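Asker:
Written out as structure tokens, the structure is:
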């Protein structure tokens with residue numbers, strides 16, 4: 007019907023996010039009652055959202071979110087996470103205003119579907135992969151190889167989000183790079 011259509015992107019809810027967050031951090035969940043309280047706690051919510059979409063699993067090792075399971079099983083990738091996207095009463099109650107883009111790239115649907123079921127991995131956009139990569143290195147000691155990989159990734163994406171500093175431990179006779 008649409009011969010020139012190569013990509014399709016959804017804007018989908020995260021209906022289980024609020025319930026899941028209540029189990030993870032009841033104090034934060036109790037603070038989040040309206041759009042202004044959500045805006046005040048954006049960074050915490052987004053940190054939990056990354057955990058929810060990339061690490062939260064059911065007993066069968068598939069994502070806890072039913073919408074995510076549906077789209078990934080059909081060959082989509084997790085494209086982007088949006089906070090303050092659904093500020094309706096129901097949107098705040100169920101997903102704390104969180105909505106997600108799932109992208110269907112016609113050329114990659116079959117590959118993504120197979121990867122999801124065979125490796126149980128979460129196919130995602132380069133942007134989300136970079137965010138996860140960056141947060142996994144953030145404020146941690148890393149090897150020279152990791153620094154090389156990070157710098158290579160930065161050059162590739164033309165992003166300079168972190169500072170890398172060199173630390174020499176004279177007592178242990180070793181040196182490490184620290185990402186700040």
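Numbering (the working numbering), first residue to last: 7 to 186.
We treat Cβ as the ideally placed atom computed from N, Cα and C, and that holds for glycine.
Bear in mind that the values here come from a model prediction, so they are computed numbers and not experimental data.
1. Along the chain, where does the alpha helix (DSSP H) containing residue 17 start, and where does it finish?
2. Please classify residue 54: does DSSP put it in a helix, a strand, or coil?
3. Could you please give me the residues that DSSP links to residue 226 through a beta bridge?
4. Is the beta carbon of residue 83 closer than 8 Å to that of residue 54?
5. Of the choices 58, 42, 72, whose alpha-carbon is the least far from that of residue 93?
6. Taking residue 86 as part of the beta strand (DSSP E), name the residues at either end of that continuous run.
7. For the structure I just gave you, are there three or more beta carbon pairs, one from the stretch 28-48 and one from the stretch 121-129, closer than 8 Å?
8. Quick one: Cα of residue 57 to Cα of residue 77, how far?
9. Which one of 81, 86, 90, 9 has the shortest CA to CA distance from residue 48?
10. Can you list, in chain order, the residues of its chain with a C-beta nearer than 8 Å to that of residue 115? Leave out the 5 residues immediately preceding and following it.
11. Please go through the same chain and pick out, in chain order, the residues whose beta-carbon is closer than 7 Å to the beta-carbon of residue 122, but skip the five residues on each side of it.
12. At which residues does the alpha helix (DSSP H) containing residue 72 begin and terminate?
13. Using alpha carbons as the reference points, say which of 74, 45, 50 lies closest to residue 59.
14. Output needed for residue 65: all residues of its chain with C-beta closer than 6 Å, excluding positions within five of it in sequence on either side, in chain order.
15. Can the beta-carbon of residue 102 be found less than 8 Å from the beta-carbon of residue 24?
16. Can you tell me which of the three DSSP states residue 22 falls into?
17. Taking DSSP as the reference, what is the three-state secondary structure of residue 30?
Answerer: In brief:
1. Mapped onto the chain shown, residue 17 falls at position 11. Premise fails: residue 17 lies in the beta strand (DSSP E), 13-19, not in any alpha helix (DSSP H).
2. For the purposes of this step, residue 54 is taken as the residue at position 48 of the chain shown. If DSSP states are grouped into helix, strand and coil, residue 54 belongs with the helices.
3. The shown model of the chain, from 7 to 186, leaves out residue 226, and the question about it has no answer.
4. Counting from one through the chain shown, the residue named residue 54 turns up at place 48. Counting from one through the chain shown, the residue named residue 83 turns up at place 77. Not in contact: residue 54 and residue 83 (Cβ atoms no closer than 8 Å).
5. Within the chain shown, residue 93 is the residue found at index 87, counting from 1. Nearest of 58, 42, 72 to residue 93, Cα basis: 42.
6. As a first step, residue 86 is located in the chain shown; it is residue number 80 there, counting from the start. Here the beta strand (DSSP E) through residue 86 covers 83-88.
7. The stretch 28-48 is not in contact with the stretch 121-129.
8. Translated into positions along the chain shown, residue 57 becomes position 51. Translated into positions along the chain shown, residue 77 becomes position 71. Approximately 18 Å, taken between the alpha carbons.
9. Taking the first residue of the chain shown as 1, we reach residue 48 at position 42. Considering only alpha carbons, the answer is 90.
10. For the purposes of this step, residue 115 is taken as the residue at position 109 of the chain shown. Within the same chain, residue 115 has close Cβ partners 80, 81, 82.
11. If you number the chain shown from 1, residue 122 lands on position 116. Same-chain partners within the cutoff: 78, 79, 129.
12. On the chain shown, position 66 is the one that residue 72 refers to. Per DSSP, residue 72 belongs to the alpha helix (DSSP H) from 72-79.
13. Here the question's residue 59 lines up with position 53 in the chain shown. Ranking the options by Cα distance to residue 59, first place goes to 74.
14. Looking up residue 65 in the chain shown gives position 59. Result list for residue 65: empty, nothing under 6 Å.
15. Sequence index remark: in the chain shown, residue 102 carries index 96 (1-based). Sequence index remark: in the chain shown, residue 24 carries index 18 (1-based). Cβ distance < 8 Å, so residue 102 and residue 24 count as in contact.
16. For the purposes of this step, residue 22 is identified with residue 16 of the chain shown, where counting begins at 1. The three-state secondary structure of residue 22, taken from DSSP, is coil.
17. As a first step, residue 30 must be located in the chain shown, where it is residue number 24. Annotated three-state conformation of residue 30 is helix, per DSSP.
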